[in-house]
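Per mature numbering (1 follows the signal peptide of the UniProt record, and there is no 0): the sequence shown = residues -18 to -1, 1 to 229.
Even for Gly, the Cβ is constructed at its ideal location relative to N, Cα and C.
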Amino acid sequence: MRILPAALALMMIPAVQAAPRRTWDFGTLSYVKRVPAEKGAPANAHPATLDPAALAQALGAVRFADGAKDAPLFIPAEAEALSKALAEALAAAGPGEDLVILSTLKREGGFFAESLGVTARVFLAGGKLNLLVHDARLDFVYAYNLDNRLPPFEYGFRAKPAPTVLKAEGAASPRPDWLELPLPSPKPAAATPPPAAKPDAAKPPIPPSIEERLRGLKRFRDQDLITEAEYVKQKQDLLKEYTRGND
């Protein structure tokens, strides 16, 4: 069979493998992205498999200083959506990678309320979810809508503190902008009820006694269901069986 040169060239092209996923979008201008870890940073505990519900619980507990009061860093729906993307990214990240987060949401009511962003860096180390937040409420969407250009986001740095002040119950705080969040243990699965006892297997019926069979035989004869000759023969057979059983 003759193979045309063009077909031969196509056969020689190696299969192109899909590039590893690096970004997980979870909303408008909201993503989790794998990036190289900062220079000199120790290896992270990646990849890791974490329960999105446990991540949402940890992230939902984080608060930041908003003027004279504290406010949740993430609203519940935001923490839930972010945690699903974050769980997938943590499962894919390597020990030499961090994860950076941009989460943008209209966080106040009213028609003219602007969407504000959270920028953060996340990595697992020492059994804790490390969260470094650079901007707790970044106002960039209006300018982006004017020229369609995103600013150079800063996500938080190990070596340089940001002005954000964070807190969360039970979390260690190496710096005001850095929390080490304990991850809640997954709730134990509901105890499986013991299997219902199987009903006793049906016992085989006790065969009727010779006396019962004789009475039944007589009843058949009286109802003309068997002839007199059949009655006599079967009665003799039953009596012989009775005699053998008592020998």
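Query                                                                                                : Result
Short Cβ contact (7 Å threshold) for Ala27 with Leu113                                               : no
Per-residue DSSP class, three states only, for Arg16                                                 : strand
Beta carbon of Gly78 nearer than 7 Å to that of Ala19                                                : yes
Local conformation of Pro54 per DSSP, three classes                                                  : strand
Cβ contact check for the segment 152 to 164 and the segment 124 to 135: 3 or more pairs under 8 Å    : no
Segment limits, beta strand (DSSP E) that includes Pro164                                            : 160 to 164
Buried/exposed call for Asp7, threshold 16 Cβ in 10 Å                                                : exposed
Beta-carbon proximity check, Val100 vs Thr146, cutoff 7 Å                                            : no
Anticipated Cβ contact below 8 Å, Ala69 with Pro29, distance rounded                                 : At roughly 11 Å, the Cβ-Cβ gap does not stay under 8 Å, so Ala69 and Pro29 are not in contact.
Within 7 Å, strictly: CB atoms of Leu55 and Ser85                                                    : no
Close Cβ partners of Arg103 (< 6 Å) along its chain, the five nearest in sequence each way excluded  : Asp80, Val82, Leu114, Tyr137, Gly138
Proximity of Ala36 and Leu128 at Cβ, strictly below 7 Å                                              : no
Whole-Å CB distance - residue 242 paired with Asp159, under 8 Å assumed                              : The first residue shown for the chain is -18 and the last is 229, placing residue 242 beyond what the model contains.
Three-way DSSP call (helix, strand, coil) for Asp121 in this model                                   : coil
Limits of the unbroken alpha helix (DSSP H) element including Gly42                                  : 34 to 42
Reduced DSSP secondary structure (H/G/I, E/B, other) of Pro186                                       : Since pLDDT at Pro186 reaches only 47, below the 50 mark, its modelled position is unreliable, and no value is offered.
Neighbourhood of Arg119 by C-beta, 7 Å cutoff - its chain only, sequence neighbours within 5 removed : Leu98
Rounded straight-line distance, which links the Cα of Asn130 to that of Lys110                       : 37 Å
C-alpha distance - Ala211 paired with Arg226, whole-angstrom precision                               : 23 Å
Per-residue DSSP class, three states only, for Arg45                                                 : strand
Identity of the residues DSSP links to Ala102 by a beta bridge                                       : Ile83, Val115
Per DSSP, cross-strand counterpart(s) of Leu148                                                      : Phe46
Cutoff 8 Å; reference Lys215; Cβ partners in own chain excluding five residues on either side        : none
Coil, strand or helix - Asp204 by DSSP                                                               : helix
From Lys200, Arg195, Ile208, residue whose alpha carbon lies closest to that of Tyr224               : Arg195
Reduced DSSP secondary structure (H/G/I, E/B, other) of Gly9                                         : strand
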